[in-house]
Amino acid sequence: MTPVALAALVGLAALVLYAVFGGADFGGGVWDLLASGPRRAEQRAAITDAIGPVWESNHVWLIFAIVILFTCFPPAFADLATGLNAPLCFALVGIVMRGTAFVFRNYATDSPALVSVWTVVFGIASLVAPFWFGDAIGALATGRYAWLSPFALSTGVFAVAVCAQIAAIFLIREVEAPELREDFRTRAIFATLAVWIIGVLPTAIAARQEPALFAAFLGPAALAAIGAAFALGLVVMFALARRQSFVARIAVGCEALAILVGWFGAQAPALIPGRYTYVQAASSSAMIVAFLIAALIGAVLLVPSMLLLFTVFKGPRRAGDAEPAPDDRS
Amino acid sequence: MEHVIAARAQMGTSLAFHIVFAALGVGLPLLVFAVEGLWLRTGDRAYYALARAWAKGMAILFAVGAVSGTILSFELGLLWPEFMKDAGGIIGLPFSLEGFAFFIEAIFIGLYLYGWDKLSARAHWLCALPIVISGALSAAFITLANAWMQMPTGFRIVNGRVTDVAPLVAMFPRPWATEVVHATLAAYVFTGFAVAGVCAVAWLRGDRRRQVSAGITVALTLGAIALPVQIIVGDVAARFVAANEPAKFAAMEVVYRTERHAPITIGGIPSGDGVRYAIEIPDLLSILVGFDPNALVTGFDRIAPDDRPPVAATHLSFDTMVGSASLLAVIVIGWLVTVTRRRPLFRALGVAIALGAPLSFAALEAGWFVTEFGRQPWIARGLLRTSDAVTIAPGVDLQFYGFSLMYVVLAAMSWWLLRRVDHQNSRAQQGDPAQHFPAAL
Numbered sequence: 045m046t047p048v049a050l051a052a053l054v055g056l057a058a059l060v061l062y063a064v065f066g067g068a069d070f071g072g073g074v075w076d077l078l079a080s081g082p083r084r085a086e087q088r089a090a091i092t093d094a095i096g097p098v099w100e101s102n103h104v105w106l107i108f109a110i111v112i113l114f115t116c117f118p119p120a121f122a123d124l125a126t127g128l129n130a131p132l133c134f135a136l137v138g139i140v141m142r143g144t145a146f147v148f149r150n151y152a153t154d155s156p157a158l159v160s161v162w163t164v165v166f167g168i169a170s171l172v173a174p175f176w177f178g179d180a181i182g183a184l185a186t187g188r189y190a191w192l193s194p195f196a197l198s199t200g201v202f203a204v205a206v207c208a209q210i211a212a213i214f215l216i217r218e219v220e221a222p223e224l225r226e227d228f229r230t231r232a233i234f235a236t237l238a239v240w241i242i243g244v245l246p247t248a249i250a251a252r253q254e255p256a257l258f259a260a261f262l263g264p265a266a267l268a269a270i271g272a273a274f275a276l277g278l279v280v281m282f283a284l285a286r287r288q289s290f291v292a293r294i295a296v297g298c299e300a301l302a303i304l305v306g307w308f309g310a311q312a313p314a315l316i317p318g319r320y321t322y323v324q325a326a327s328s329s330a331m332i333v334a335f336l337i338a339a340l341i342g343a344v345l346l347v348p349s350m351l352l353l354f355t356v357f358k359g360p361r362r363a364g365d366a367e368p369a370p371d372d373r374s
Numbered sequence: 005m006e007h008v009i010a011a012r013a014q015m016g017t018s019l020a021f022h023i024v025f026a027a028l029g030v031g032l033p034l035l036v037f038a039v040e041g042l043w044l045r046t047g048d049r050a051y052y053a054l055a056r057a058w059a060k061g062m063a064i065l066f067a068v069g070a071v072s073g074t075i076l077s078f079e080l081g082l083l084w085p086e087f088m089k090d091a092g093g094i095i096g097l098p099f100s101l102e103g104f105a106f107f108i109e110a111i112f113i114g115l116y117l118y119g120w121d122k123l124s125a126r127a128h129w130l131c132a133l134p135i136v137i138s139g140a141l142s143a144a145f146i147t148l149a150n151a152w153m154q155m156p157t158g159f160r161i162v163n164g165r166v167t168d169v170a171p172l173v174a175m176f177p178r179p180w181a182t183e184v185v186h187a188t189l190a191a192y193v194f195t196g197f198a199v200a201g202v203c204a205v206a207w208l209r210g211d212r213r214r215q216v217s218a219g220i221t222v223a224l225t226l227g228a229i230a231l232p233v234q235i236i237v238g239d240v241a242a243r244f245v246a247a248n249e250p251a252k253f254a255a256m257e258v259v260y261r262t263e264r265h266a267p268i269t270i271g272g273i274p275s276g277d278g279v280r281y282a283i284e285i286p287d288l289l290s291i292l293v294g295f296d297p298n299a300l301v302t303g304f305d306r307i308a309p310d311d312r313p314p315v316a317a318t319h320l321s322f323d324t325m326v327g328s329a330s331l332l333a334v335i336v337i338g339w340l341v342t343v344t345r346r347r348p349l350f351r352a353l354g355v356a357i358a359l360g361a362p363l364s365f366a367a368l369e370a371g372w373f374v375t376e377f378g379r380q381p382w383i384a385r386g387l388l389r390t391s392d393a394v395t396i397a398p399g400v401d402l403q404f405y406g407f408s409l410m411y412v413v414l415a416a417m418s419w420w421l422l423r424r425v426d427h428q429n430s431r432a433q434q435g436d437p438a439q440h441f442p443a444a445l
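Those protein sequences? They're chains V and A, same order as listed.
Each residue of the first sequence is one higher than the last, beginning at 45 in this note's numbering.
Each residue of the second sequence is one higher than the last, beginning at 5 in this note's numbering.
Below you can see the structure in the form of C-alpha cells.
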C-alpha cells in the first residue's frame with residue numbers, strides 16, 4: 045500500500061470514528077430535544093451523564109480529520125473549503141453552539157430560565173451540525189458542490205437520522221433503570237425505521253437528478269456497502285427486539301462504517317469527484333511519511349489514554365451498583 | 005466591507021476570542037494541579053475548595069476553547085484557501101502533532117472533571133498532569149506554525165511550484181524558540197494574574213476566607229515566576245526581530261529613517277512619516293538593539309512601501325504590551341515586598357492585584373497583535389500576500405458579522421457563568437454540577 049493510500053485510510057478512520065462517537069453525542073442532543081413522557085427529566089439527565097466526560101475527546105476526531113485533510117491533501121482542502129464554504133460555516137455554528145450550550149446548561153444550575161434556554165439551544169445545535177456535515181458530504185459527492193441540491197439536503201437529513209439511531213442504541217446501555225432502558229429502546233427502534241425510510245430518499249433523488257452519482261451507486265463497491273448497511277440495520281432491529289443491546293451497539297457502529305466506506309469506495313480514487321483524485325491532491329511524500337510517523341507515535345499515547353477514559357466512565361458497572369437489568373439477560 | 009478586510013477581521017476576531025480561552029487552558033491546569041497537590045499534602049480544605057472552584061472554571065473555559073479552536077482549524081481553509089493549498093503540505097506536521105496533544109488534553113480533562121468520585125484522590129490529582137503537559141505542547145505546536153508564517157522555510161519553489169518539502173525543517177523556522185517560549189509564558193503570565201485578579205476582587209468585596217487569600221498567593225506565585233522570565237525572553241525576541249524582520253521592527257518602534265543613535269519612541273500617533281505626541285528618549289533604541297548608542301537601526305526608508313506593516317496598529321500594540329507588562333512587574337514587586345515582610349494584604353495592593361487581570365489580558369492580546377499586524381502585508385512573509393490568499397467564496401462579510409455575534413454571546417455567557425462559579429464557591433461547596441442537573445429541570 046502506498047503512503048498516500050495509507051494516509052487516506054487514516055483520514056477515513058478518523059471520519060468513521062467521528063461519525064460513530066461524535067454522531068452518538070449529536071444524537072444524544074437530538075433525544076435531549078425530543079425528551080418526552082413521564083421520565084423526561086431522567087432521560088435528559090442520562091444523556092448529560094453519558095455525553096459529559098467524553099464529548100470533548102469524541103469531538104477531536106473531527107479536528108483530526110480536518111488536519112489530515114489539509115496536511116496530506118491540501119489542495120483538496122482548499123477547494124472543498126471554498127466550494128462548501130456555506131454548509132461548513134453552518135455546521136461550525138452547530139458545533140460551537142452544541143458544545144457551549146451543553147456546558148452552559150450544566151453549570152447554570154441556579155438559573156432555571158437559562159438552563160431551559162441553553163437546553164433548547166443544545167438540542168437544536170445537535171440537529172444543525174450533523175445535518176450540515178451530511179449535506180456537505182452529499183454536496184461533495186455531486187461533484188459540483190451543489191449543497192442546496194435535493195440530494196445534498198437529503199443526505200443531511202439521513203445523517204441526523206443515523207446519529208439519532210446510534211445515540212438511542214448507545215444510551216440503552218448507559219442507564220440502569222429498566223423503564224429508562226425501555227424508553228431508549230423504543231426510540232432506537234423508531235430511529236432504525238426512520239433510517240430505512242429516510243435512506244431511500246438520497247437513492248431515489250440520485251436516480252432522478254444525479255445520473256453520474258446514481259451510476260456510481262450501482263458499482264460493486266457501493267452496492268456491497270448499501271447491502272451491508274441494510275443487513276446491519278436488520279441485525280440492529282433483531283438485536284433490539286431480543287433486547288441484546290450490546291449486539292445492537294456493535295451492529296450500528298458497523299452500519300455507520302459501511303455507509304462511509306461505501307461512499308469512500310464508490311468515489312475512489314476520486315477525493316473530490318471530477319476535481320481531485322487522492323494522488324492528485326496528495327502533498328509531498330516527505331510530508332505524508334512524516335505525518336504517518338507522527339500518527340504512529342501519537343497513537344501509542346492516544347490508545348491507552350482513550351482506553352482509560354472509556355474504562356472509567358463506560359466500563360462495566362461495579363458489582364452491586366444496581367439490580368440485574370432485564371436487558372441483555374434474555 | 006472589502007473581501008480581504010472582512011476575512012482578516014473574521015480571522016482576527018476568532019483568534020482574539022480563542023487566545024483567551026487557549027491561554028487559560030494552558031495555565032489553569034497548572035494552578036489546579038498545584039492546589040490539589042497542596043491539598044493532598046497538607047490536608048487543608050482551603051486548597052480543596054480552590055481545586056473544585058478552579059476545575060469548574062476550567063470546564064467552562066476548556067469547552068469554549070475547544071470549539072472556538074475548531075472554528076480556527078476550519079477557517080484556515082474557509083478564509084485562506086490559497087494559503088493552505090501550499091502551506092498545508094509544508095506546516096502540516098505541527099498541526100498534526102497538536103491534534104494529538106489536544107486529544108490527550110481532552111481525554112484527561114474528561115477524566116479530571118468527571119472523575120472526582122471515580123478515581124482515588126492521588127490518581128485524580130495525577131490526571132491533571134497530562135493536561136498541563138499537553139496543554140503547553142498544544143500551544144507550542146500552534147506557535148510553531150505561526151513562526152513559519154513569520155519566516156517560511158523547509159521547501160523550495162521551482163517554476164512556481166513548491167518542491168523539496170522538509171517537514172522537520174519547516175517545523176522549526178528560525179524564530180521558533182523565542183516565539184514558542186514567549187507565547188507559552190504569556191499563557192502562564194495571563195493565567196496567574198487573571199486568577200489572582202478574580203480572587204482579589206472577592207477579597208475586596210469582603211470575602212476573608214482562607215481560600216481567597218490562598219488563591220491570590222498560588223496564582224500570583226505563578227505570575228511572579230513567569231513574568232520576569234517573560235520580560236527577558238521578550239527582550240531577546242525583540243532583538244531577534246530587529247535583526248531578522250526589519251519591517252516588523254520598524255513598525256513596532258516607528259523607525260522611519262535608518263540611523264545610528266536611534267531614539268526610542270514611546271506612545272504617540274504615527275501618521276504619514278512621523279509620530280505626533282510621542283515621548284522620545286535619544287540613543288535608547290540603538291542601545292537596546294546593539295548594546296551600543298552607535299548601533300544601526302533599519303527604518304522604513306529601506307523597505308518598499310508595499311511591504312510595510314500597518315505602523316500605528318503594530319506600534320501601539322507593542323507599547324500596550326510593554327506598558328502592561330511593566331505595570332504587572334510593579335504589582336509583583338509590591339506584592340513580594342508585602343509578603344516577605346509578612347505584612348497582611350491591604351486595600352491598595354488588593355486593588356492593584358485586581359487590576360493585574362485586565363492588564364495581563366491587554367498584554368496577551370497586544371502581544372499577539374504585534375506578531376500578526378507586524379507580519380502584514382504577508383500571510384507567509386516574502387512568499388504570499390494576505391490579499392492573494394483570501395477565499396473567492398462569497399459572503400465573507402456576512403460570516404464575519406454572524407460569527408462575531410456568536411462570540412459576543414459566548415463571551416457574555418462565559419463571563420456570567422465564571423462569576424457564578426466564584427459566587428457559588430463563596431457560598432458553599434457543591435458537588436459536580438452535572439449531578440445536580442436533574443433537579444434543575
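From the three backbone atoms N, C-alpha and C, an ideal C-beta is built for every residue, glycine too.
Asked: Using the Cβ count rule (16 or more neighbours within 10 Å means buried), how would you classify Pro-368/V?; Found: Summary for Pro-368/V: the model assigns pLDDT 38, below 50, so the residue's position carries little reliability; its value from the coordinates is reported in the next sentence. Pro-368/V comes out exposed.
Asked: What three-state label does DSSP hand Ile-161/A in the structure shown?; Found: strand
Asked: In three-state DSSP terms, what is Arg-280/A?; Found: strand
Asked: Determine the direct distance from the alpha carbon of Ala-339/V to that of Ser-100/A, and round the result to whole angstroms.; Found: 8 Å
Asked: Is Ala-211/V helix, strand or coil by DSSP?; Found: helix
Asked: Distance, Cα to Cα, Asp-239/A vs Phe-112/A?; Found: 35 Å
Asked: Leaving out five residues on either side along the sequence, give the residues of the same chain with a beta carbon under 6 Å from the beta carbon of Ala-316/A.; Found: Pro-274
Asked: Pick helix, strand or coil for Phe-280/V, following the three-state DSSP scheme.; Found: In the sequence on display, residue 280/V carries Val and not Phe. Val-280/V: helix per DSSP, three-state reduction.
Asked: From Leu-80/A to Leu-359/A, what distance separates their C-alpha atoms?; Found: 35 Å
Asked: Along chain V, in chain order, which residues have C-beta atoms closer than 8 Å to that of Ala-170/A?; Found: Ala-330
Asked: Taking the C-alpha atoms as reference points, what is the distance between Ile-95/A and Leu-278/V?; Found: 45 Å
Asked: What do you reckon, are the CB atoms on Ile-249/V and Pro-194/V nearer than 8 Å?; Found: yes
Asked: Within a Cβ cutoff of 6 Å, which residues of the same chain sit near Ala-366/V, ignoring the five residues on either side of it in sequence?; Found: Bear in mind that the predicted position of Ala-366/V carries a pLDDT of just 37, short of 50, making it too unreliable to give a figure here.
Asked: Is any beta-carbon of chain A found at less than 8 Å from that of Phe-335/V?; Found: yes
Asked: Which class does Trp-382/A belong to by DSSP, given the choice of helix, strand or coil?; Found: strand
Asked: Taking the Cβ atom as the reference point for each residue, do Ala-180/V and Val-165/V lie within a distance shorter than 8 Å?; Found: no
Asked: Round the Cβ separation of Gly-354/A and Ala-204/A to the nearest angstrom and send it over; I've been treating them as touching at under 8 Å.; Found: 5 Å
Asked: List the endpoints of the continuous alpha helix (DSSP H) containing Ala-168/V.; Found: The sequence given here has Ile at residue 168/V, not Ala. Residues 156-186.
Asked: I'd like to know whether the C-beta of Leu-97/A is nearer than 8 Å to at least one C-beta of chain V.; Found: yes
Asked: Rounded to whole angstroms, what is the Cα-Cα separation between Val-333/V and Pro-171/A?; Found: 10 Å
Asked: By the 9 Å beta-carbon criterion, what residues does the segment 154-165 of chain V contribute toward chain A?; Found: Asp-154, Ser-155, Pro-156, Leu-158, Val-159, Ser-160, Trp-162, Thr-163
Asked: Which of the residues in the segment 339-363 of chain V, read from start to end, lie with their CB under 9 Å from any CB of chain A?; Found: Ala-339, Ile-341, Gly-342, Ala-343, Leu-345, Leu-346, Ser-349, Met-350, Leu-352, Leu-353, Val-356, Phe-357
Asked: Cβ of Val-425/A within 8 Å of Cβ of Gly-31/A?; Found: no
Asked: Could you give the C-beta distance for Val-137/V and Met-15/A, rounded to a whole number, given that I count them as a contact under 8 Å?; Found: No, Val-137/V and Met-15/A are not in contact; Cβ-Cβ is about 17 Å, not under 8 Å.
Asked: Using the Cα positions of Met-153/A and Phe-322/A, report the straight-line distance between them to the nearest angstrom.; Found: 19 Å
Asked: So, do the segment 291-304 of chain A and the segment 256-273 of chain A have three or more beta carbon pairs nearer to each other than 8 Å?; Found: yes
Asked: Going by DSSP, what residue range makes up the beta strand (DSSP E) through Ala-314/V?; Found: 314-316
Asked: Quick one: is Ile-112/V buried, meaning 16 or more other Cβ sit within 10 Å of its Cβ, or exposed?; Found: buried
Asked: Pro-250/A lies in the alpha helix (DSSP H); which residues open and close that run?; Found: 250-256
Asked: What three-state label does DSSP hand Pro-370/V in the structure shown?; Found: In this prediction, Pro-370/V has a pLDDT of 42, which is less than 50 and means its spatial position is unreliable; nothing more can be read from the coordinates.
Asked: When you compare the CB of Glu-223/V with every CB in chain A, is at least one pair closer than 8 Å?; Found: no
Asked: May I have a chain-ordered list of the alpha helix (DSSP H) segments no shorter than 4 residues that lie completely inside the segment 64-97 of chain V?; Found: 67-77, 84-95
Asked: Mind pulling the chain A residues with CB within less than 7 Å of Ile-428/V?; Found: With chain V covering 45 to 374 only, the question about residue 428/V has no answer from this structure.
Asked: Compute the Euclidean distance between the alpha carbons of Leu-253/V and Glu-86/A, then round it to the nearest angstrom.; Found: First, the amino acid is wrong: residue 253/V is Gln here, not Leu. Rounded to the nearest angstrom, the two C-alpha atoms are 32 Å apart.
Asked: Residues in its own chain within less than 8 Å of Leu-123/A by CB, not counting five upstream and five downstream?; Found: Leu-115, Cys-131
Asked: Below 7 Å CB to CB, which residues in the same chain sit around Asp-260/V once its five sequence neighbours on both sides are set aside?; Found: For clarity, residue 260/V is Ala in the given sequence; the question names Asp instead. Ala-266, Ala-310, Gln-311.
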